[in-house]
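Let me begin by presenting the structure, written as structure tokens, before commenting on it.
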Amino acid sequence: MIERNRVVVTGMGLLAANGKSVDEFWQSLLEGRSGIRAITLFDASDLKCQIAGEVPNFDPTDYFSA
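Numbering (our numbering), first residue to last: 501 to 566.
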């Protein structure tokens, strides 16, 4: 007999380069906006890859407590 585990989804959250909420992210998908662009948070000139999905204006204290 297969054992089944119950899963309960209590909410949705999202933090991505093209949206800091589910609604903002979904809207960017509908508009075809990507969050991938040139790295700005540090000097990436010596790296082979100079693009990333940085989260603009990200403040971790808005999402996480110490």
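The C-beta atom is built at its ideal place from N, Cα and C for all residues, glycine as well.
- Going by beta carbons, Gly535 and Gly553 fall inside the 7 Å limit.
- Judged by DSSP secondary structure, Ser528 falls within the alpha helix (DSSP H) whose first and last residues are 522 to 530.
- Of the candidates Arg506, Val508, Asn505, Gln527, Gln527 places its Cα closest to the Cα of Leu514.
- When beta bridges are read from the DSSP output, Ala566 appears opposite no residue.
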